[in-house]
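Here this note's numbering runs 230 ahead of the position in the sequence shown, where the first position is 1.
Note that beta-carbon positions come from the ideal geometry of N, C-alpha and C, so glycine has one too.
Please read all numbers here as calculations on a predicted model, not as lab measurements.
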Amino acid sequence: MPLLTGLTRGGKSWTPTFADAIDPEKCIGCGRCFKACSRKVLGPGDIYDEETDTERMVMTIVNSDNCIGCAGCGVTCPKKCFTFTTLEM
Numbered sequence: 231m232p233l234l235t236g237l238t239r240g241g242k243s244w245t246p247t248f249a250d251a252i253d254p255e256k257c258i259g260c261g262r263c264f265k266a267c268s269r270k271v272l273g274p275g276d277i278y279d280e281e282t283d284t285e286r287m288v289m290t291i292v293n294s295d296n297c298i299g300c301a302g303c304g305v306t307c308p309k310k311c312f313t314f315t316t317l318e319m
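Okay, structure coming up:
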């Protein structure tokens, strides 16, 4: 099956890459990805660290159906926490 593709304004072929997962071990909860996403795909979440007996904030994918595949979240992430996927038509 062919990949879902589109065109840029300049007419070049473009394949969207959709946010698939965020690695909570790498995420520092800085919120840069949250600010970069205009589609409200991301939101804060907490994970419990058993070693330190504390909770820490991480970003999570809360509305995956809103993702348009721009990958802006991954570009802004200083820890490269995101995994992306392409879609087949």
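- Item | Neighbourhood of residue 285 by C-beta, 6 Å cutoff - its chain only, sequence neighbours within 5 removed | If you number the sequence shown from 1, residue 285 lands on position 55. Residues 276, 278 of the same chain have their beta carbon placed closer than 6 Å to that of residue 285, with the five preceding and five following residues left out of the count.
- Query: Is residue 234 buried or exposed, if buried means 16 or more other CB atoms sit within 10 Å of its CB?
  - Reply: The residue given as residue 234 occupies position 4 in the sequence shown. The residue is exposed, with fewer than 16 neighbouring Cβ atoms inside 10 Å.
- Pairwise C-alpha distance: residue 299 and residue 273: Counting from one through the sequence shown, the residue named residue 273 turns up at place 43. Counting from one through the sequence shown, the residue named residue 299 turns up at place 69. Each residue's Cα considered, the two are about 17 Å apart.
- Only counting runs of 4 or more residues, tell me where the alpha helix (DSSP H) segments fall wholly within the segment 236-282, in order along the chain. As far as the segment 236-282 is concerned, its whole alpha helix (DSSP H) runs of at least 4 residues are 262-266.
- Query: Hey, would you say residue 314 sits closer than 8 Å to residue 247, going by beta carbons?
  - Reply: Within the sequence shown, numbered from 1, the residue matching residue 314 stands at position 84. Within the sequence shown, numbered from 1, the residue matching residue 247 stands at position 17. Yes, these two residues count as a Cβ contact at 8 Å.
- Return the CA-CA distance between residue 294 and residue 303, expressed in angstroms with no decimal places. Start at 1 with the first residue of the sequence shown, and residue 294 comes out as number 64. Start at 1 with the first residue of the sequence shown, and residue 303 comes out as number 73. Their backbone Cα atoms lie some 13 Å apart in a straight line.
- Query: Sorted by chain position, which residues of the same chain lie with C-beta nearer than 6 Å to residue 253's C-beta, five sequence neighbours on each side aside?
  - Reply: In the sequence shown, counting from the first residue as 1, residue 253 sits at position 23. 311, listed in sequence order.
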